[in-house]
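Worksheet for the structure shown next.
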Amino acid sequence: MATLQELADFWSAEGINYVIPPVGGEFPEGFDVREMLRKIIDPSGGVLEVGCGYGRLSAAFPADKYVGVDVNPTAIEQARKRNPEHRYLVIEPGADLPEANSALIYTVALHVSDQALDEFLTPICKAANTIVIAEIMDERWRRDGVPPVFNRDPEAYVGAMRLQGFELLQYGKVVYERYNNANWNVNHDVRLTVHIYRRKEMR
Ligand SMILES: C[S@@+](CC[C@H](N)C(=O)[O-])C[C@H]1O[C@@H](n2cnc3c(N)ncnc32)[C@H](O)[C@@H]1O
Numbered sequence: 320m321a322t323l324q325e326l327a328d329f330w331s332a333e334g335i336n337y338v339i340p341p342v343g344g345e346f347p348e349g350f351d352v353r354e355m356l357r358k359i360i361d362p363s364g365g366v367l368e369v370g371c372g373y374g375r376l377s378a379a380f381p382a383d384k385y386v387g388v389d390v391n392p393t394a395i396e397q398a399r400k401r402n403p404e405h406r407y408l409v410i411e412p413g414a415d416l417p418e419a420n421s422a423l424i425y426t427v428a429l430h431v432s433d434q435a436l437d438e439f440l441t442p443i444c445k446a447a448n449t450i451v452i453a454e455i456m457d458e459r460w461r462r463d464g465v466p467p468v469f470n471r472d473p474e475a476y477v478g479a480m481r482l483q484g485f486e487l488l489q490y491g492k493v494v495y496e497r498y499n500n501a502n503w504n505v506n507h508d509v510r511l512t513v514h515i516y517r518r519k520e521m522r
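Under the numbering used here, the letters of the sequence shown match residues 320 to 522, in that order.
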């Protein structure tokens with residue numbers, strides 16, 4: 320299972336399973352991610368959230384400046400109920416996306432295989448000038464099983480985004496609390512890595 324379509328089929332079949340780790344509570348990260356996002360993304364030129372799931376993070380942004388997209392119709396249906404003022408679209412994997420100044424890819428790209436990564440990133444890089452990729456970036460988390468994960472090191476995104484004409488502007492790391500215990504935090508980076516990319520030649 321590795322093409323973008325096959326991965327999308329997996330998520331669609333699962334409904335909202337695996338959208339966040341099943342620990343109870345809205346933020347297994349251990350902090351309100353929306354507050355962090357408000358600090359790092361200026362919504363004034365619009366925000367496109369790719370892989371928005373059931374809209375957990377949408378309220379970080381004003382409803383009239385936001386569009387959330389996902390390949391998973393069940394998740395989008397729930398997002399619409401949860402945030403009726405925000406706008407959501409079910410998309411085909413790899414489809415052209417609505418333009419916005421900023422795009423957010425939060426714990427989504429790690430679920431995209433290496434073979435499908437460029438196909439996933441290309442429409443996002445066409446749609447936005449500033450792109451935030453945030454997830455645990457450490458290849459040692461790679462494993463077989465469900466949900467499919469293809470964690471990669473930060474440098475892999477720097478390289479992939481450079482091919483798309485984007486440069487890394489800023490980065491930060493913050494502990495992802497769910498994984499900060501002895502089952503996980505030995506020989507694994509348990510921090511969420513946040514990358515902010517900017518288009519090299521502004522349109
Ligand atoms: C781990 S969940 C994260 C959801 C959300 N970002 C959050 O943190 O609450 C990954 C989401 O990415 C979506 N997804 C997977 N492949 C996608 C693709 N090619 N394009 C858009 N969304 C995708 C899945 O349907 C799922 O909702």
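Idealized CB from N, CA, C, for every residue including glycine. Keep in mind the model is a prediction, meaning the values are calculated, not measured.
Exercise for the section: Please classify Thr449: does DSSP put it in a helix, a strand, or coil? Expected result: Along the sequence shown, one-based indexing puts residue 449 at 130. Reduced to three states, the DSSP call for Thr449 is strand.
Problem - Limits of the unbroken alpha helix (DSSP H) element including Gly478 - result: Start at 1 with the first residue of the sequence shown, and residue 478 comes out as number 159. Pro473 to Leu482 is the extent of the alpha helix (DSSP H) around Gly478.
Problem - Of the listed residues Pro467, Ala447 and Ile455, nearest to Thr426 (C-alpha basis) - result: Along the sequence shown, read from residue 1 onward, the residue named residue 426 stands at position 107. Of the candidates Pro467, Ala447 and Ile455, the one whose C-alpha sits nearest the C-alpha of Thr426 is Ile455.
Problem - Same chain, Cβ closer than 8 Å to Pro340, five either side skipped, listed in chain order - result: Residue 340 sits at position 21 when you count from the first residue of the sequence shown. The residues are Pro347 and Arg497.
Problem - Proximity winner among Leu323, Phe469 and Gln489, relative to Val477 (alpha-carbon distances) - result: The sequence position of residue 477 within the sequence shown is 158, counting from 1. Looking at the Cα atoms, Gln489 is the closest of the given residues.
Practice task
Grab me the residues of Gln324's own chain with a C-beta within less than 7 Å of its C-beta, minus the 5 sequence neighbours each way, in chain order.
Solution key: Translated into the one-based positions of the sequence shown, residue 324 becomes position 5. So the qualifying residues of the chain are Pro412.
Problem - Contact under 8 Å by Cβ, Ala327 with Gln434 - result: Position 8 of the sequence shown holds residue 327. Position 115 of the sequence shown holds residue 434. Result no, Cβ atoms of Ala327 and Gln434 do not sit closer than 8 Å.
Exercise for the section: Given a cut-off of 8 Å, decide if Ile424 and Gly370 are closer than it, judged by their beta-carbon atoms. Expected result: The residue labelled residue 370 in the question sits at position 51 within the sequence shown. The residue labelled residue 424 in the question sits at position 105 within the sequence shown. Yes, these two residues count as a Cβ contact at 8 Å.
Exercise for the section: Measure from the alpha carbon of Arg510 to the alpha carbon of each residue in Val409, Ala428, Asn499 and Glu520, then state which is nearest. Expected result: Taking the first residue of the sequence shown as position 1, residue 510 is located at position 191. It is Asn499 whose Cα lies nearest to the Cα of Arg510.
Handout entry: Glu486: first and last residue of the uninterrupted beta strand (DSSP E) it sits in
Key = For the purposes of this step, residue 486 is taken as the residue at position 167 of the sequence shown. Counting along the chain, the beta strand (DSSP E) containing Glu486 begins and ends at Phe485 to Val494.
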